[in-house]
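> If you count the sequence shown from 1, you need to add 41 to reach the working numbering.
Below: one structure in structure tokens.
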Amino acid sequence: MKTAAVLSLLASTAAAFAPAKMAASKSALNMASEFENELGVIAPTGFWDPAKLSSGISQEKFDYYRTLEVKHGRVCMLAILGYVAPETYRFGFDIAPGLPCAEVPNGIAALDSIPVLGWVQIIWAVGAVELYGFLGDFEVGKLDLDDEILEERKLQEIQHGRIAMLGFLELIRHDSQNLVTPGFDGLDNLITGLPFIYN
Numbered sequence: 042m043k044t045a046a047v048l049s050l051l052a053s054t055a056a057a058f059a060p061a062k063m064a065a066s067k068s069a070l071n072m073a074s075e076f077e078n079e080l081g082v083i084a085p086t087g088f089w090d091p092a093k094l095s096s097g098i099s100q101e102k103f104d105y106y107r108t109l110e111v112k113h114g115r116v117c118m119l120a121i122l123g124y125v126a127p128e129t130y131r132f133g134f135d136i137a138p139g140l141p142c143a144e145v146p147n148g149i150a151a152l153d154s155i156p157v158l159g160w161v162q163i164i165w166a167v168g169a170v171e172l173y174g175f176l177g178d179f180e181v182g183k184l185d186l187d188d189e190i191l192e193e194r195k196l197q198e199i200q201h202g203r204i205a206m207l208g209f210l211e212l213i214r215h216d217s218q219n220l221v222t223p224g225f226d227g228l229d230n231l232i233t234g235l236p237f238i239y240n
């Protein structure tokens, strides 16, 4: 009886280590897509869509997603400037009655100092831009570029927007960690590579 139990246990254990038949699979990086020749598909990742947001969508929907990517990239480029610029310069006016810009802390800590009316203004401005498209396609300021250079500039904007989105996320992560554990990195300032800007 004991021998049968031990043999059955050994047999089941051995089956766990037996080679299994592997099913053919493709990674998200290797899967062909109808949008793999669109602007923004660059080496080494190629067409990278691990969440499969582009599966079975129309060209119009893909163009809408690309427009959103460019818009979020532009916002993040401005957000990084807005995050870093107050480290070196403060405006001389009051951002709200009785609240000068110089007294508003940098980064995430500023969220607590914004008055309710300030939040209303922010939400209204963002909503107006989203609803009415105030920051749309304007003729003023456009350069007259040939098609090849224009495509290169569009690709550069997409790339800069992507890196700005990642950079802004890192600024928020770093600043949030600094709020939880002040001085966790042993540094006094956000910009550490250029100490002369604080003099």
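We treat Cβ as the ideally placed atom computed from N, Cα and C, and that holds for glycine.
Note that this is a predicted model, so its numbers are computed, not measured.
1) Mark residue 205 as exposed unless 16 or more other C-beta atoms lie within 10 angstroms of its C-beta, in which case mark it buried.
2) What's the gap between the Cα of residue 148 and the Cα of residue 221?
3) Which residues does DSSP pair with residue 141 in a beta bridge?
4) Short of 8 Å in beta carbon distance, which residues of its chain neighbour residue 113, apart from the five on each side in sequence? Order them along the chain.
5) Going by DSSP, what residues sit across from residue 87 in a beta bridge?
6) Give me the residue from 158, 198 and 162 with the minimum Cα distance to residue 117.
7) Return the first residue and the last residue of the alpha helix (DSSP H) that residue 163 is part of.
8) Using the beta-carbon count (16 or more within 10 Å), is residue 105 buried or exposed?
9) I'd like the span of the alpha helix (DSSP H) that includes residue 219, first residue to last.
10) Can you name, in chain order, every residue of its own chain whose Cβ lies under 7 Å from the Cβ of residue 192, other than the five neighbours on each side?
11) Quick one: what's got a C-beta closer than 8 Å to residue 208's C-beta in the same chain, skipping five residues either side?
12) So is residue 67 buried or exposed if we call it buried at 16+ other beta carbons inside 10 Å?
Checking against the coordinates, here is how it stands:
1) In the sequence shown, the residue the question calls residue 205 occupies position 164. Label assigned to residue 205: buried.
2) Indexing the sequence shown from 1 puts residue 148 at position 107. Indexing the sequence shown from 1 puts residue 221 at position 180. If you take the alpha carbons of residue 148 and residue 221, they lie about 13 Å apart.
3) Residue mapping note: residue 141 aligns to position 100 of the sequence shown, counting from 1. Paired residue(s): 135.
4) Taking the first residue of the sequence shown as position 1, residue 113 is located at position 72. Here the set comprises 202 and 206.
5) Along the sequence shown, read from residue 1 onward, the residue named residue 87 stands at position 46. Bridge partners of residue 87: 83.
6) As a first step, residue 117 must be located in the sequence shown, where it is residue number 76. Ranking 158, 198 and 162 by Cα distance to residue 117 puts 198 first.
7) Reading the sequence shown from its first residue, position 122 is the one you call residue 163. Where residue 163 is concerned, the enclosing alpha helix (DSSP H) stretches over 157 to 173.
8) The residue you call residue 105 lines up with position 64 of the sequence shown. So residue 105 ends up on the exposed side.
9) In the sequence shown, counting from the first residue as 1, residue 219 sits at position 178. Note, residue 219: alpha helix (DSSP H), 188 to 221.
10) Position 151 of the sequence shown holds residue 192. So the list reads 80, once near-sequence residues are dropped.
11) Along the sequence shown, one-based indexing puts residue 208 at 167. Contacts found: 117 and 121.
12) Within the sequence shown, numbered from 1, the residue matching residue 67 stands at position 26. Confidence at residue 67 is low in this model, with a pLDDT of 44, below 50, so the placement of that residue is unreliable and no value is reported for it.
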